[in-house]
Structures are given as structure tokens and as C-alpha cells.
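S.K.: For reference, the structure I am asking about is given below.
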Amino acid sequence: MAKFINEVSRTFGEYLFIPGLTTSECTPDNISLATPLVKYAKGQEPKIKLNIPFVSAIMQSVSNDTLAIELARNGGLSFIFGSQTIESQSEMVRKVKKFKAGFVTSDSNLTPHDTLADVLRLVQKTGHSTIGITADGTPNGKLMGIVTSRDYRLSTDPLDKKIEDFMTPFERLTYGKLGISLSEANDIIWEHKLNTLPIIDEGGRLIYFVFRKDYDSHKENPLELSNKENKTLLVGAGINTRDYQERVPALVEAGVDIVCIDSSDGYSEWQRNTIKWVKEQYGDRLPIGAGNVVDGEGFRYLVEAGADFIKVGIGGGSICITREQKGIGRGQATAIIEVAKERNRYYEETGIYIPICSDGGIVHDYHMTLALAMGADFLMMGRYFARFDESPTKKMKLGNNIVKEYWGEGSFRARNWQRYDSGGQENLKFEEGVDSYVPYAGKMKDNLATTLGKIRATMCSCGTTTLADLQANAKITLVSSTSIVEGGAHDVILKERG
Ligand code: RVP
Numbered sequence: 203m204a205k206f207i208n209e210v211s212r213t214f215g216e217y218l219f220i221p222g223l224t225t226s227e228c229t230p231d232n233i234s235l236a237t238p239l240v241k242y243a244k245g246q247e248p249k250i251k252l253n254i255p256f257v258s259a260i261m262q263s264v265s266n267d268t269l270a271i272e273l274a275r276n277g278g279l280s281f282i283f284g285s286q287t288i289e290s291q292s293e294m295v296r297k298v299k300k301f302k303a304g305f306v307t308s309d310s311n312l313t314p315h316d317t318l319a320d321v322l323r324l325v326q327k328t329g330h331s332t333i334g335i336t337a338d339g340t341p342n343g344k345l346m347g348i349v350t351s352r353d354y355r356l357s358t359d360p361l362d363k364k365i366e367d368f369m370t371p372f373e374r375l376t377y378g379k380l381g382i383s384l385s386e387a388n389d390i391i392w393e394h395k396l397n398t399l400p401i402i403d404e405g406g407r408l409i410y411f412v413f414r415k416d417y418d419s420h421k422e423n424p425l426e427l428s429n430k431e432n433k434t435l436l437v438g439a440g441i442n443t444r445d446y447q448e449r450v451p452a453l454v455e456a457g458v459d460i461v462c463i464d465s466s467d468g469y470s471e472w473q474r475n476t477i478k479w480v481k482e483q484y485g486d487r488l489p490i491g492a493g494n495v496v497d498g499e500g501f502r503y504l505v506e507a508g509a510d511f512i513k514v515g516i517g518g519g520s521i522c523i524t525r526e527q528k529g530i531g532r533g534q535a536t537a538i539i540e541v542a543k544e545r546n547r548y549y550e551e552t553g554i555y556i557p558i559c560s561d562g563g564i565v566h567d568y569h570m571t572l573a574l575a576m577g578a579d580f581l582m583m584g585r586y587f588a589r590f591d592e593s594p595t596k597k598m599k600l601g602n603n604i605v606k607e608y609w610g611e612g613s614f615r616a617r618n619w620q621r622y623d624s625g626g627q628e629n630l631k632f633e634e635g636v637d638s639y640v641p642y643a644g645k646m647k648d649n650l651a652t653t654l655g656k657i658r659a660t661m662c663s664c665g666t667t668t669l670a671d672l673q674a675n676a677k678i679t680l681v682s683s684t685s686i687v688e689g690g691a692h693d694v695i696l697k698e699r700g
């Protein structure tokens with residue numbers, strides 16, 4: 203007979219916190235949101251820790267290189283989506299690893315033989331007024347000169363004037379050599395009253411520009427998640443259980459710091475085989491996350507196969523219709539609570555702590571704090587990040603609202619059949635996700651400041667200053683549906699905002 207679990211499976215909206223004693227130490231500045239990303243033995247430090255407990259979803263509409271750079275600069279980590287070719291995914295990883303705060307690859311380039319008309323066209327297209335003039339017109343070609351708006355006069359110069367006749371030529375340029383630090387570059391900028399400093403390699407090729415205005419932004423990111431030795435930002439990548447033997451080596455070559463198997467249902471022999479192969483090839487040098495699971499049994503299976511963290515959640519994602527289509531899943535809060543129980547048992551038995559990641563289903567910011575208190579070490583979010591400037595999708599007007607596109611990996615649009623693979627033929631037979639819009643929300647940094655501010659405020663109310671403390675001491679209560687109504691504004695007539 204089938205096994206029945208009679209306990210109702212619940213989600214975050216059904217719970218609230220009850221305050222603990224807020225001591226004088228519980229102030230927002232004293233709160234640390236640092237959290238382990240990978241497993242570690244009792245008494246030791248995890249090899250990678252996040253500075254904020256957020257990772258971005260392994261999705262086409264969320265995690266590209268632009269979002270990954272911004273999230274790492276703010277203390278979290280992205281897993282670059284795997285439903286693309288090995289080459290393009292590796293290229294995205296490479297871009298994140300190459301990113302150096304304040305050092306920008308030139309996106310506007312021409313050759314000395316192009317004309318003023320070409321300059322105007324390019325300025326119009328990119329909105330950038332500094333143009334790198336290289337021998338072959340590529341961003342990293344041999345540097346021949348620079349053109350800025352100060353080099354031409356539209357009222358007198360003919361449009362067919364050759365760039366070589368008005369650019370600031372290489373001989374008259376001040377430049378920096380590849381390898382100099384940002385503060386050294388900035389000293390040169392100030393000393394020579396420059397707006398832009400080109401950085402060249404020993405072959406005279408243009409590698410970066412440093413712009414005067416970029417310097418301060420570097421100082422604004424105290425939580426940046428980077429490799430302390432080589433100063434690169436950390437980045438992860440999604441993989442599947444089909445082409446991992448080709449994909450993983452290419453990602454490693456590109457510099458990836460961690461991979462994660464991306465699947466809606468991770469309790470499978472395919473995942474075990476993938477984890478084992480990665481561990482045989484790379485040992486501890488390449489951590490690997492696995493999932494998704496929703497109970498202790500699935501958790502233990504993947505942990506025993508060697509996974510470094512476990513991702514939890516089936517069917518709770520905002521764009522996900524897996525529960526409707528296949529009838530599998532579990533309320534996200536119950537899934538986290540159950541897996542966390544097994545994780546704690548495993549820790550008592552072995553002395554190995556396995557971080558768990560709550561994936562999907564976050565609606566309000568306090569749901570994040572609940573997930574963390576229920577035992578998640580960090581959260582994976584799609585919808586939350588898709589709303590920001592840095593996500594890869596189109597921003598558009600829909601009626602009176604500004605929105606961004608957001609689609610599931612199981613939609614026909616993404617066609618990520620590997621994520622929903624049940625073995626056998628390689629195709630997507632039915633959709634498990636939808637194509638949608640989300641309200642546009644602006645810059646990631648501003649939104650993170652508000653969200654993290656709320657998490658810190660809740661932690662202060664709970665009388666806790668670390669996430670481990672929150673997991674151990676939070677008091678959480680179930681609420682009735684009537685009290686949920688009471689939680690919002692009620693019995694008043696709301697005034698229109700703004
Ligand atoms: P959310 O943050 O609620 O938007 O959920 C994001 C999560 O949803 C992803 O990390 C992934 O686990 C899941 N997902 C992605 N695509 C689909 C789908 O098409 N069903 N689901």
C-alpha cells in the first residue's frame with residue numbers, strides 16, 4: 203500500500219514569528235548574514251561562505267553574467283543558467299571571472315580608417331562618448347588612439363573626416379600597464395587630470411578603460427564575494443545530468459567556483475552518477491550542489507553520493523506548474539523543515555554540516571527570514587531577481603506599468619528539457635512552467651538594501667544576531683487564514699499613493 207503522510211504540507215505565508223528578547227546587542231549593524239555555501243566538518247570553516255544568504259536561480263531569464271557580477275559585488279552568488287551551449291555558458295562565467303571593479307572592457311570601438319559619421323552612429327547606439335580606436339576595431343585590438351566628444355566639432359568637421367585625423371593618437375595618450383591596481387590607476391587619472399585611462403598589455407593591446415567616476419562604486423561594496431587570493435568575483439553554474447562530462451571541464455577551464463545540478467526532481471540515479479563523476483575528477487576542488495528534493499530521504503541519498511549542498515523545493519516557484527502537471531511537490535515551509543531535521547540528524551551522526559538552500563516560492567521579504575529560521579542556510583530566488591535592471595530580460599511597458607519578462611525553465615520558451623528529464627528521448631513533452639511578466643523594480647542594490655534591512659529588523663525582534671542563532675532560537679507560530687487577513691491593512695479605506 204502507498205505510504206501516506208498525513209501532516210498537512212504548509213508554505214511560508216502560514217507562519218509568523220513571535221518576538222524573542224531584543225537585547226542591546228541586537229542592532230541591525232551587529233547582525234551578520236554570513237552563511238555556509240558548502241559542507242564542512244564540525245569545528246572547521248566552510249571553504250565558501252556567502253556574505254548575504256542569497257543565490258540567483260539557474261534560469262535564462264535571471265542569471266547571466268551581468269546579474270552574476272552585481273550579485274557577487276553585493277555578497278551573494280549566481281548560478282549561470284545551463285540551458286545554453288557549453289561555449290556561451292563558459293563565456294558568461296569567464297566574463298564574471300575577468301570582471302575587475304572599475305576596469306571596464308571597452309564596448310565602443312572603431313579603427314583609425316573609420317569616419318566621424320561612424321563615431322556619431324556608435325555614440326548614438328551605445329550612449330558612451332569614449333571610443334577606443336584599435337587597429338582592427340575590436341575591444342582588445344592594438345590601441346591606436348582614443349576619441350571623445352572633445353576631439354571633434356560638429357559645426358565645422360565634415361562627416362567623412364577620418365578618425366586618424368582627429369583622434370588623440372597613442373603617442374599622446376597617458377595609459378596604464380595591465381596589472382596596476384585600481385588605486386594606482388586612479389592616482390594617474392588625478393595626476394594627469396584625465397577622464398579615462400586606457401590599460402594596455404605588453405603587446406600594446408587595449409584591455410580595459412578605467413573611468414574617473416567608477417572608483418567610488420568599488421568602495422561601496424564591503425560585502426563583495428570574491429576569491430581573496432586572485433581577487434576575482436565568485437560565480438557558480440548550473441549543469442545537467444546528460445552532458446556534464448563535456449560541460450563541467452569547460453566551466454572549470456573558464457574559472458567557475460561551484461556547480462549545481464539543475465533539476466525539478468533531483469532524487470535520481472542520474473544525479474548520483476553526476477555527483478560521483480565530478481568528485482572523481484575534481485575532488486574537493488569543485489564543490490557541487492544537487493537537488494531538488496523535498497524530504498529527508500532524498501536529502502540523504504544526494505548527500506551520500508557526495509553533494510556539497512542540497513537544494514530544496516518542488517513546485518513552489520512563481521512560474522512553476524509542476525504540481526498541476528505532474529502532481530508532485532510539497533509546501534515549501536514543510537519541505538524545508540523536514541529536510542533541515544534530516545540535515546541536523548546527519549550532522550549529529552557524522553559531524554558534517556550540509557547547507558540547504560530553499561529554492562523558489564518567496565513572495566514577501568519576511569518569507570526569506572522564515573525560510574532561514576526554519577533551517578535553510580541560503581535562498582535561491584528567480585522572480586525576486588528577474589525584476590531588476592541587471593537581469594537579462596526586456597524591460598517594457600504593459601498598460602500603465604513597467605514590467606520585465608520572466609519565464610520558467612520548463613516553459614516551451616526556455617525548452618530546458620534536461621531539467622525535466624526522466625531518461626529516454628530528449629524532448630519536452632509538456633510544459634512545467636509559464637512565460638510571464640514581473641513588475642520592474644529598478645537597481646538590485648537598492649532593493650537588496652530594503653530586503654536585507656527587513657531581515658535584520660526581524661532578526662532584532664527575534665533577539666538574534668546570526669543566522670545560526672536564528673535557526674536555533676526563533677519562535678515560529680502557525681496562523682489561521684483569518685489572522686492572515688488581519689496581517690495586512692484592513693477595515694480602513696486606503697488612500698491612493700503618490
Ligand atoms: P521563484 O523565485 O518563486 O520565481 O522560483 C524560482 C525557482 O523556480 C527556480 O530556482 C527553479 O527551482 C524553479 N523553476 C524554474 N523554472 C521553473 C519552471 O518552468 N517550472 N521552475
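Its first residue numbered 203, the sequence shown is counted upward by one per residue in the numbering used here.
We put the beta carbon where it would ideally sit given N, CA and C, even for glycine.
Does the Cβ of glycine 553 have 16 or more other Cβ atoms within 10 Å, making it buried, or fewer, making it exposed?
M.R.: As a position in the sequence shown, residue 553 is number 351, starting the count at 1. Exposed, by the Cβ-count rule.
S.K.: To the nearest angstrom, how far is it from the Cα of glycine 577 to the Cα of glutamate 431?
M.R.: The residue you call residue 577 lines up with position 375 of the sequence shown. The residue you call residue 431 lines up with position 229 of the sequence shown. Near 31 Å, if we compare the C-alpha coordinates of glutamate 431 and glycine 577.
S.K.: State whether the segment 273-290 contacts the segment 386-403, with contact taken as three or more CB pairs (one from each stretch) at a distance under 8 Å.
M.R.: no
S.K.: Let me know if valine 480 comes out buried or exposed under the rule of 16 or more other beta-carbons within 10 Å of its beta-carbon.
M.R.: Taking the first residue of the sequence shown as 1, we reach residue 480 at position 278. Flag for valine 480 reads buried.
S.K.: Which of the three DSSP states is assigned to proline 230 in this structure?
M.R.: Residue numbering aside, residue 230 sits at position 28 when the sequence shown is read from its first letter. Helix.
S.K.: Within its chain, find whatever has a CB closer than 6 Å to the CB of leucine 235; leave out the 5 residues flanking it on each side and keep chain order.
M.R.: Locating residue 235 in the sequence shown gives position 33, counting from the first residue. Within the same chain, leucine 235 has close Cβ partners Ile254, Pro255.
S.K.: For the alpha helix (DSSP H) containing valine 321, name the first residue and the last one.
M.R.: In the sequence shown, residue 321 corresponds to position 119, counting from 1. 318-328 is the span of the alpha helix (DSSP H), which, as asked, contains valine 321.
S.K.: Sorted by chain position, which residues of the same chain lie with C-beta nearer than 6 Å to threonine 370's C-beta, five sequence neighbours on each side aside?
M.R.: As a working mapping, residue 370 is identified with position 168 in the sequence shown. Correct list, in chain order: Gly347, Ile348.
S.K.: Tell me the start and end of each unbroken alpha helix (DSSP H) in the segment 372-434 that is at least 4 residues and wholly inside, in chain order.
M.R.: 384-393, 417-421
S.K.: Report the partner residues of threonine 660 according to the DSSP bridge assignment.
M.R.: Here residue 660 corresponds to residue number 458 of the sequence shown, with the count starting at 1. Threonine 660 is not bridged to any residue.
S.K.: Does the ligand RVP have even one heavy atom less than 6 Å from the beta-carbon of glutamate 611?
M.R.: Stepping through the sequence shown from its first residue, residue 611 is reached at position 409. Yes, the beta carbon of glutamate 611 sits closer than 6 Å to at least one heavy atom of the ligand RVP.
S.K.: So is alanine 588 buried or exposed if we call it buried at 16+ other beta carbons inside 10 Å?
M.R.: In the sequence shown, residue 588 corresponds to position 386, counting from 1. Buried, since its Cβ has 16 or more Cβ neighbours within 10 Å.
S.K.: Kindly identify the DSSP beta-bridge partner or partners of serine 191.
M.R.: Lying before the first or after the last residue shown, residue 191 is absent from the chain, which here runs from 203 to 700.
S.K.: CB of glycine 508 to nearest heavy atom of the ligand RVP: below 6 Å?
M.R.: Here residue 508 refers to the residue found at position 306 of the sequence shown. Flag unset: Cβ of glycine 508 not near the ligand RVP.
S.K.: Just to confirm before moving on: does the CB-CB distance between valine 640 and serine 613 stay below 7 Å?
M.R.: In the sequence shown, the residue the question calls residue 640 occupies position 438. In the sequence shown, the residue the question calls residue 613 occupies position 411. Against a cut-off of 7 Å, the Cβ pair of serine 613 and valine 640 comes out as no contact.
S.K.: Sorry if obvious, but does the Cβ on alanine 259 come closer than 6 Å to a heavy atom of the ligand RVP?
M.R.: In the sequence shown, residue 259 corresponds to position 57, counting from 1. For the ligand RVP, at least one heavy atom lies less than 6 Å from the Cβ of alanine 259.
S.K.: What does DSSP give as the partner residues of lysine 597 in its beta bridges?
M.R.: For the purposes of this step, residue 597 is identified with residue 395 of the sequence shown, where counting begins at 1. Its beta-bridge partners are Lys606.
S.K.: Could you have a look at threonine 225 and say whether DSSP puts it in helix, strand or coil?
M.R.: For the purposes of this step, residue 225 is identified with residue 23 of the sequence shown, where counting begins at 1. Here threonine 225 sits in coil by DSSP.
S.K.: Hey, quick one: how far does the alpha helix (DSSP H) through alanine 274 stretch, first residue to last?
M.R.: Residue numbering aside, residue 274 sits at position 72 when the sequence shown is read from its first letter. Residues 267-275.
S.K.: Within 10 angstroms of the Cβ of asparagine 618, are there 16 or more other Cβ atoms? Answer buried if so, exposed if not.
M.R.: The count along the sequence shown starts at 1 and reaches residue 618 at position 416. Looking at its Cβ environment, which holds 16 or more other Cβ atoms inside 10 Å, asparagine 618 is buried.
S.K.: Can you give the Cα-Cα distance for alanine 537 and aspartate 497, rounded to whole angstroms?
M.R.: Against the sequence shown, residue 537 aligns to sequence position 335. Against the sequence shown, residue 497 aligns to sequence position 295. For alanine 537 and aspartate 497, the distance between alpha carbons rounds to 6 Å.
S.K.: Would valine 295 and alanine 439 be called neighbours here (beta carbons separated by less than 7 Å)?
M.R.: Residue mapping note: residue 295 aligns to position 93 of the sequence shown, counting from 1. Residue mapping note: residue 439 aligns to position 237 of the sequence shown, counting from 1. Cβ distance < 7 Å, so valine 295 and alanine 439 count as in contact.
S.K.: Start and end of the alpha helix (DSSP H) containing lysine 677?
M.R.: Counted from its first residue, the sequence shown places residue 677 at position 475. Where lysine 677 is concerned, there is no enclosing alpha helix (DSSP H), although the beta strand (DSSP E) it sits in stretches over 677-680.
S.K.: Helix or strand or just coil, what does DSSP make of aspartate 486?
M.R.: On the sequence shown, position 284 is the one that residue 486 refers to. In this structure, aspartate 486 counts as helix in the three-state DSSP scheme.
S.K.: Quick one, are the C-beta atoms of glycine 334 and serine 292 less than 7 Å apart?
M.R.: Residue numbering aside, residue 334 sits at position 132 when the sequence shown is read from its first letter. Residue numbering aside, residue 292 sits at position 90 when the sequence shown is read from its first letter. 7 Å or more divides the Cβ of glycine 334 from the Cβ of serine 292.
S.K.: May I ask you to check if the CB of glycine 563 is nearer than 6 Å to at least one heavy atom of the ligand RVP?
M.R.: The residue labelled residue 563 in the question sits at position 361 within the sequence shown. At least one heavy atom of the ligand RVP is nearer than 6 Å to the Cβ of glycine 563, so yes.
S.K.: Hey, how far is the Cα of threonine 332 from the Cα of asparagine 475?
M.R.: Here the question's residue 332 lines up with position 130 in the sequence shown. Here the question's residue 475 lines up with position 273 in the sequence shown. Each residue's Cα considered, the two are about 51 Å apart.
S.K.: Note down, one range per segment and in chain order, each alpha helix (DSSP H) of at least 4 residues found wholly within the segment 527-585.
M.R.: 534-552, 567-575
S.K.: Can you tell me whether methionine 582 sits near the ligand RVP, meaning its C-beta is under 6 Å from at least one heavy atom of the ligand?
M.R.: To locate residue 582, count along the sequence shown from 1; it is residue 380. Flag set: Cβ of methionine 582 near the ligand RVP.
S.K.: Are there 16 or more other CB atoms within 10 angstroms of the CB of threonine 679, so buried, or fewer, so exposed?
M.R.: Along the sequence shown, read from residue 1 onward, the residue named residue 679 stands at position 477. Threonine 679 comes out exposed.
S.K.: Per DSSP, which one or two residues make a beta bridge with leucine 312?
M.R.: Here residue 312 is taken as the residue at index 110 of the sequence shown, counted from 1. Note: leucine 312 sits in a beta bridge opposite Ile335.
S.K.: Within 6 Å: the Cβ of glycine 635 and any heavy atom of the ligand RVP?
M.R.: As a position in the sequence shown, residue 635 is number 433, starting the count at 1. Annotation for glycine 635 indicates a beta carbon within 6 Å of some heavy atom of the ligand RVP.
S.K.: Taking the alpha helix (DSSP H) that lysine 297 belongs to, which residues open and close that run?
M.R.: Taking the sequence shown and counting its residues from 1, the one referred to as residue 297 is at position 95. Looking at the DSSP string, the run of the alpha helix (DSSP H) that includes lysine 297 is 288-300.
S.K.: For serine 682, count the other beta carbons within 10 Å of its own beta carbon; 16 or more makes it buried, fewer makes it exposed. Which is it?
M.R.: To locate residue 682, count along the sequence shown from 1; it is residue 480. Exposed.
S.K.: Is the Cβ-Cβ distance between leucine 380 and aspartate 403 less than 7 Å?
M.R.: Walking along the sequence shown from the start, residue 380 turns up at place 178. Walking along the sequence shown from the start, residue 403 turns up at place 201. Yes, they are a contact pair.
S.K.: For glutamate 226, does the count of other Cβ atoms within 10 angstroms reach 16, so buried, or fall short, so exposed?
M.R.: As a working note, residue 226 is residue 24 in the sequence shown. Note that residue 226 is serine in the sequence shown, not glutamate. By the 10 Å Cβ count, serine 226 comes out exposed.
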